[in-house]
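Q:
In the working numbering, the protein residues as written are -13 to 118.
#1: Can you list, in chain order, the residues of its chain with a C-beta nearer than 6 Å to that of residue 60? Leave out the 5 residues immediately preceding and following it.
#2: For the region -4 to 11 against the region 83 to 102, do three or more pairs of beta-carbon atoms, one drawn from each stretch, fall closer than 8 Å, so that the two count as touching?
#3: Between which two residues does the beta strand (DSSP E) containing residue 44 stretch?
#4: With residue 80 and residue 71 assumed to form a contact (beta carbons below 8 Å), what rounded beta-carbon distance in angstroms separates them?
#5: Which class does residue 110 belong to by DSSP, given the choice of helix, strand or coil?
#6: With a CB to CB cut of under 6 Å and the five nearest residues on each side skipped, what residues in its chain are close to residue 34?
#7: What are the start and end residues of the beta strand (DSSP E) that includes residue 15?
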């Protein structure tokens, strides 16, 4: 778990490595926020492939390296936001996307796994302003 109140996401790469050492995974799904491009609407949702995590890339590299080594596909869902939205309180428009994102997660699981397979869902988020 990330420790606040500084802006950190903890060590999700190490967590993935530890989980995989204890249990076989068939799919990884990551959810994170991402900065929108100029002209794009805030709170739009996009899907893709690969580790969805911002920063300098070391965590992303670690997660993708582990997943590749174990032949685990990594899917991503991102919620787009402006720079202002990224550094202030969550807006209602973004919060209202929770049900939509949850539905997309369930759909990804149904489309990409079989019954009995293991899925790791990682919700990436920082602890900016969250005291411990």
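Note that beta-carbon positions come from the ideal geometry of N, C-alpha and C, so glycine has one too.
A: Checking against the coordinates, here is how it stands:
#1: 14, 36, 37 and 53
#2: They do not touch, by the three-pair rule.
#3: No beta strand (DSSP E) holds residue 44; the alpha helix (DSSP H) holding it covers 44 to 55.
#4: Correct: roughly 7 Å between the Cβ atoms.
#5: Three-state result, residue 110: coil.
#6: 62
#7: 13 to 21
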